[in-house]
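Each residue of the sequence shown is one higher than the one before, counting from 83 in the numbering used here.
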Amino acid sequence: MFARRTPKIRFVFHLFKEMSRLFPFITSIYTGKKDLIDLPVLNEDELEEQFVRGSGPGGQATNKTSNCVVLKHIPTGIVVKCHQTRSVEINRKRARGIMREKLDVAYKGELSEVLVKKKESVLRKQEKKKKAHENLERKRLFKEAQVADSKPGNDTV
């Protein structure tokens, strides 16, 4: 029973992989990743890229390899430094993603996608905290009412 379904599942994953390769904007719909359609498109002519030595934990392997990417957007002067992984290619992709987000904030200001999502998460956290506080207060009042009912002399008929 399970052996027959495996090829179909593999085919679906293969098909999805091919679709995401051909149409990268579709991937965000299915995977739930951040939609990059609204973020500004980077023009490679406006970018200045350097590879410098990294720093931080990792010892000699980190200090001697030039896999830290410094990306500068010439028109705005925004500089992004990315040294999240040991791979130069991955660091280049991540630096460009960070640059897109920073340009979105620089161009759109308060209406940028990044700031809007941050505000929404802050509001969600505040609402959650408020509900937890109300719940604790409700529990405290309930316990006080139980203690008052259990005291002798409070017999109500």
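For each residue, glycine too, the CB sits at the ideal point set by N, CA and C.
{"Check": "Answer with buried or exposed for D186, where buried requires no fewer than 16 other C-beta atoms within 10 angstroms of its C-beta.", "Outcome": "buried"}
{"Check": "Once DSSP output is grouped into helix, strand and coil, what is the label at D231?", "Outcome": "helix"}
{"Check": "Under the three-state reduction of DSSP, which class applies to L118: helix, strand or coil?", "Outcome": "In this prediction, L118 has a pLDDT of 44, which is less than 50 and means its spatial position is unreliable; what the coordinates show is noted afterwards. Here L118 sits in coil by DSSP."}
{"Check": "How would you label N272, buried or exposed, when you count the other beta carbons within 10 angstroms and need 16 or more for buried?", "Outcome": "Since the first residue shown for the chain is 83 and the last is 239, residue 272 is missing from the structure and cannot be characterised."}
{"Check": "Could you tell me the alpha carbon to alpha carbon distance between T113 and R206, rounded to whole angstroms?", "Outcome": "The predicted model places T113 with a pLDDT of 47, which falls under 50 and marks its position as unreliable; any figure quoted below should be read in that light. Near 23 angstroms, if we compare the C-alpha coordinates of R206 and T113."}
{"Check": "Is it a yes or a no for the segment 125-142 touching the segment 154-171, going by three-plus beta-carbon pairs under 8 angstroms?", "Outcome": "yes"}
{"Check": "In whole angstroms, what is the alpha-carbon distance linking A143 and E171?", "Outcome": "17 angstroms"}
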